[in-house]
Amino acid sequence: MAGLLNKFLDYIGIEETDAEDEYMDDLYEEDSRDADNVVSIGNRGRSKSAAANSNVVNLPSAAQQKMIVYHPISYEDTQNIIDNLKSRKPVIVNMEDLELDCAQRILDFMAGAIYALNGTIYKISRGIFVVAPTNYDVIGNDENDNDGLI
């Protein structure tokens, strides 16, 4: 079985050699010598070897999240709202100034797109809605009343 493993390792270009083993042995001996020479850094009391072997990696901060606010004027503005939702950005839609039939058409279109994208729509007040993609949860006082539905 070991012969099969060695053949596979040789095939993909990984070879075990005695030189590598000797190098690793030398490295291990140096590490154990470093462990004897503990140096405290400030109040932390960390050794050189502990600092050198640390697996902590700095992660860049996440990009600032943005919420888009739309005041649609006509039904054609709905595509921009849904494009932002597809880009996983939450959108606040203010339809207070629209006629009732135009607002109803926009709301129907958004509801269909939200269903297709597994998002949610929250009614904030009469004519104002939050359209949220799947990666956002909207939490408020009335959350238990409507459970994220209109």
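Residues in the sequence shown are numbered from 61 upward in steps of one, following my numbering. Quick reminder that beta carbons are idealized off the backbone N, C-alpha and C, glycines included.
Backbone CA spacing between residue i and residue j [nearest angstrom]
i: residue 127; j: residue 148; result: 10 Å
i: residue 203; j: residue 124; result: For residue 203, the pLDDT reaches just 48, beneath the cut-off of 50, and the residue's location in the model is therefore unreliable, although a value from the coordinates is still provided. If I take the Cα positions, the gap works out to 25 Å.
i: residue 182; j: residue 134; result: 21 Å
i: residue 170; j: residue 201; result: 24 Å
i: residue 196; j: residue 156; result: 24 Å
i: residue 140; j: residue 163; result: 15 Å
Exposure of residue i, with buried meaning 16 or more beta-carbon neighbours within 10 Å
i: residue 173; result: buried
i: residue 194; result: exposed
i: residue 63; result: exposed
Beta carbon of residue i nearer than 8 Å to that of residue j
i: residue 160; j: residue 132; result: no
i: residue 167; j: residue 146; result: no
i: residue 188; j: residue 154; result: yes
i: residue 130; j: residue 151; result: yes
i: residue 191; j: residue 184; result: no
Helix, strand or coil at residue i according to DSSP, with G and I counted as helix
i: residue 66; result: helix
i: residue 174; result: helix
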